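Participant: In our numbering, the protein residues as written are 117 to 354.
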Amino acid sequence: MAEIILVVEDEPSLQETLVYNLKKQGYTVETAGDGRSALETARRLKPDLIVLDIMLPELDGFEVTKLLRREMIVPILMLTARDEEIDRVVGLEVGADDYLTKPFSMRELLARVKAQLRRAQLVRDEMGKERAEETVSSLETLAFGNLVINQSRREVLLDGKVLALKPQEYDLLLFFAQHKRQMLSREFLLERVWGWDYTGNSRTVDVHVRWLRQKIEAYPAAPVRIVTVRGGGYRFEG
Ligand code: CA
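1) Using beta-carbon positions only, say whether E174 and R152 come within less than 8 Å of one another.
2) May I ask which residues mark the beginning and end of the beta strand (DSSP E) holding L273?
3) Just to confirm, does M171 get its C-beta within under 7 Å of one of the non-hydrogen atoms of ligand 1?
4) Give the single residue among L279, M299, L273 and V340 whose Cα lies nearest to the Cα of L183.
5) In angstroms, rounded to a whole number, what distance separates the CA positions of L161 and L122?
6) May I ask which residues mark the beginning and end of the beta strand (DSSP E) holding R351?
7) Can you tell me the Cα-Cα spacing of G311 and P283, whole angstroms?
8) Alpha carbons only, please: which of A212, G177, A338 and E303 is nearest the one belonging to G316?
9) Looking at ligand 1, does it come within less than 7 Å of D126, judged from the CB to the closest heavy atom?
10) Is the CB-CB distance between A259 and E353 below 8 Å?
11) Could you check where the alpha helix (DSSP H) with A158 kicks off and where it finishes?
12) One question on the structure: do T144 and I120 come within less than 8 Å of each other, judged by their Cβ atoms?
13) Restricting to Cα atoms, I'd like to know which of L193, I189, L290 and I265 is closest to R240.
14) What's the C-alpha gap between Q330 and P339?
15) What does DSSP give as the partner residue(s) for V264 in the beta ladder?
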């Protein structure tokens, strides 16, 4: 099976050249032109390698790397254009596996791609595929588009930024996330998130849902993530 490579580059001509040359080598190639769609495509595609430009619209290559590192094991080959970027990449601050400075030759790029894929294969063989997958799932990350819940850190990120959530807001959101697309009544939520012995009433749930919406919805007044089910309760749509 052909290895899948995700090319993230916002300059159309360079993107085209990269795609052309990688495909010629027999790789399956997909593209993204900005940081946000790079994240989405990587999550959907689970590529074997990512060629990642640093200067990108939306989220830059550094942010993309930081987020992906928490979710998956994938070699990242960074494309840098400026000296200050190189300093950060070489300092291993960002966790790229390798980098190339623009302008670079296609021959050089293909050699680096091949080397990274081979290295990744060796790591997989060594660890055993099962263990590699275990390592990833032990990070316990739940992702819903630009909303990411990291259970081991009890952190919620929106567009790569950590949200300031109260403990009960976090617990409620996590419960929603674990019961995606299920109708959950206020009473059930109160019992499961706050506990049997909690003395509050179902208004408590409404208040926390309102706070959560203000933090995770693009338009809190017209929510699409946590929707109200008439006469019932709430449903998390992702
Ligand atoms: Ca660029």
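For each residue, glycine too, the CB sits at the ideal point set by N, CA and C.
Since we're looking at a predicted model, the values are computed, not measured.
Facilitator: So, to answer that:
1) The residue labelled residue 174 in the question sits at position 58 within the sequence shown. The residue labelled residue 152 in the question sits at position 36 within the sequence shown. Yes. Within cutoff.
2) Walking along the sequence shown from the start, residue 273 turns up at place 157. Run containing L273: E271 to L274, per the beta strand (DSSP E) assignment.
3) Within the sequence shown, residue 171 is the residue found at index 55, counting from 1. Flag set: Cβ of M171 near ligand 1.
4) Taking the first residue of the sequence shown as position 1, residue 183 is located at position 67. Cα-wise, what sits closest to L183 is L273.
5) Numbered from its first residue, the sequence shown carries residue 161 at position 45. Numbered from its first residue, the sequence shown carries residue 122 at position 6. Between the alpha carbons of L161 and L122 lies a distance of about 8 Å.
6) To locate residue 351, count along the sequence shown from 1; it is residue 235. R351 -> beta strand (DSSP E) spans G349 to F352.
7) As a working mapping, residue 311 is identified with position 195 in the sequence shown. As a working mapping, residue 283 is identified with position 167 in the sequence shown. Those two C-alpha atoms are separated by around 14 Å.
8) For the purposes of this step, residue 316 is taken as the residue at position 200 of the sequence shown. By alpha-carbon distance to G316, the top candidate from A212, G177, A338 and E303 is E303.
9) Within the sequence shown, numbered from 1, the residue matching residue 126 stands at position 10. At least one heavy atom of ligand 1 is found less than 7 Å from the C-beta of D126.
10) Here residue 259 refers to the residue found at position 143 of the sequence shown. Here residue 353 refers to the residue found at position 237 of the sequence shown. Taking 8 Å as the Cβ cut-off, A259 and E353 do not qualify as a contacting pair.
11) Here residue 158 refers to the residue found at position 42 of the sequence shown. G151 to L161 is the extent of the alpha helix (DSSP H) around A158.
12) As a working note, residue 144 is residue 28 in the sequence shown. As a working note, residue 120 is residue 4 in the sequence shown. In this structure, T144 places its C-beta atom within 8 Å of the C-beta atom of I120.
13) Against the sequence shown, residue 240 aligns to sequence position 124. Measuring from the Cα of R240, the nearest candidate turns out to be I189.
14) Sequence index remark: in the sequence shown, residue 330 carries index 214 (1-based). Sequence index remark: in the sequence shown, residue 339 carries index 223 (1-based). The alpha-carbon separation between Q330 and P339 amounts to approximately 9 Å.
15) In the sequence shown, the residue the question calls residue 264 occupies position 148. Answer is A259 and L273.
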